[in-house]
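Residue numbers for the sequence shown follow our numbering, beginning at 307 and rising by one. Where is the CB? At the ideal position from N, CA and C, for every residue including glycine. Worksheet for the structure shown next.
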Amino acid sequence: MGPLTASGRIKKKMRNTPFRLDGKRALVTGGASGIGEAVCRVFTQAGASVVVADINRAQASALAEQLPGATVAVCDITDEASVRHVFNSLSSLDILVNNAGIGLVGSVEETELSDFQRLFRVNVEGAYLMTKYAMPLLTASHGNIVNVGSVGGLIGVKRRFAYCATKGAIIAMTRQLAVEYPMQIRANCICPGTVDTPFVEAYLEKYHKDEKQEMRQQLNLRQPLGRLGRPEEIAHLALYLGSDEAAFVNGSVVTIDGGWTAA
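Structure (structure tokens):
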């Protein structure tokens, strides 16, 4: 056998590099910003072709233009017809990242029924619809699902009644999928602590506009590590779970929270 060319050596090295997603297609909901954007970037760097699924066409398109091989799927995850259309347009799928979600501040007494229903519609029904219509493609590829939950699904967080309820549901859905389809797909859930994203900035702007710095410091200190998480840190955990190196990981709920749930 003759010597490898430079490109051949690179390809061989990539095959021997862990956590590669070469030749795989991944769809990321809420992919245009925050954790979703970081996942799209990290997956692309690992060789995947990424579908940036988001309701914000302009933001999704701007990101996709920066990522080789990326495409855009404008999708309202709460609308069944919209979700069905997205998956009808795909010929294959290896990884589904259910990342899109919204939050709400309030105790059970402070939470209006309409807001409670809205959170479940986005955070839970959205993940259900995406998973339901992704299943034929994922079972065909023996692919996997990475759900983005929250520490709020594992512990009680004050004045997060509805949010905690939705993230608890995501954890339960993840475990059920792993039991229902153990030989066809893998399903795992990431539970981040507070991560420095536009999601957090919107929360501070809405609820603590006049005391942002003080509240940001409180959020930092809520994690024993003393800081917020970074989107790319969550994305690299998603990369591991989506990779072949995690082939024996199924039905797992993995915290990445600076020690919050250990305290």
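Any C-beta of chain C under 9 Å from that of residue i
i: serine 398; result: Among the chains of the structure shown, chain C does not appear; only one protein chain is present.
Pick from the options that is closest to residue i, judged by C-alpha positions
i: leucine 443; options: Leu483, Ser397, Asn404; result: Ser397
i: leucine 425; options: Leu460, Val457, Thr445, Ala475; result: Ala475
i: aspartate 421; options: Tyr469, Asn453, Gly432, Leu402; result: Tyr469
i: threonine 377; options: Ser395, Tyr546, Glu386; result: Ser395
i: valine 345; options: Thr561, Phe554, Pro537; result: Pro537
i: glutamate 527; options: Gly564, Glu511, Pro504, Glu517; result: Checking the sequence shown, residue 527 turns out to be leucine, not glutamate. When each option's Cα is compared against that of leucine 527, the closest is Gly564.
i: glutamate 416; options: Gly337, His542, Arg466, Ala364; result: Arg466
i: glycine 455; options: Ala332, Phe554, Gly407, Glu343; result: Gly407
i: threonine 437; options: Val560, Ser413, Gln529, Asn404; result: Asn404
i: leucine 531; options: Asn322, Ala568, Met479; result: Ala568
Residue i burial status per 10 Å Cβ neighbour count (16 or more: buried)
i: methionine 489; result: exposed
i: leucine 369; result: buried
i: aspartate 535; result: Before going on, a small fix: residue 535 reads as glycine here, not aspartate. Glycine 535 is buried by the Cβ-count criterion.
i: glutamate 371; result: exposed
i: phenylalanine 554; result: exposed
i: glycine 342; result: buried
i: arginine 347; result: buried
i: aspartate 550; result: exposed
i: asparagine 450; result: buried
8 Å CB neighbourhood of residue i in its chain, flanking five on each side removed
i: asparagine 556; result: Ala484, Pro488, Arg492, Ala493, Asn494
i: valine 463; result: Val457, Tyr469, Cys470
i: arginine 390; result: Tyr439
Collapsed DSSP secondary structure at residue i in the structure displayed
i: leucine 360; result: Rather than leucine, the amino acid found at residue 360 in this sequence is aspartate. Of the three classes helix, strand and coil, the one that applies to aspartate 360 here is strand, per DSSP.
i: valine 411; result: coil
i: leucine 399; result: coil
i: isoleucine 477; result: helix
i: cysteine 346; result: helix
i: isoleucine 383; result: coil
i: threonine 567; result: helix
i: phenylalanine 554; result: coil
i: glutamate 486; result: helix
Opposing strand residues paired with residue i [DSSP bridges]
i: threonine 417; result: DSSP, once it has assigned bridges, lists no residue as partnering threonine 417.
i: threonine 323; result: Threonine 323 is not bridged to any residue.
i: serine 355; result: Arg331
i: cysteine 495; result: Asn453, Val559
i: asparagine 404; result: Asn453
i: arginine 466; result: Gly412
i: valine 378; result: Val358
i: valine 501; result: Gly535
Chain-order list of residues whose beta-carbon lies under 6 Å from that of residue i (same chain, five-residue window excluded)
i: arginine 269; result: Lying before the first or after the last residue shown, residue 269 is absent from the chain, which here runs from 307 to 569.
i: glycine 375; result: Ser355
i: arginine 331; result: Ser355, Ser398, Leu399, Asp400
i: tryptophan 566; result: Val457, Gly499, Gln529
Sequence-distant residues of its chain with Cβ nearer than 7 Å to residue i (five each side left out)
i: threonine 472; result: Leu425, Phe426, Asn429, Val430
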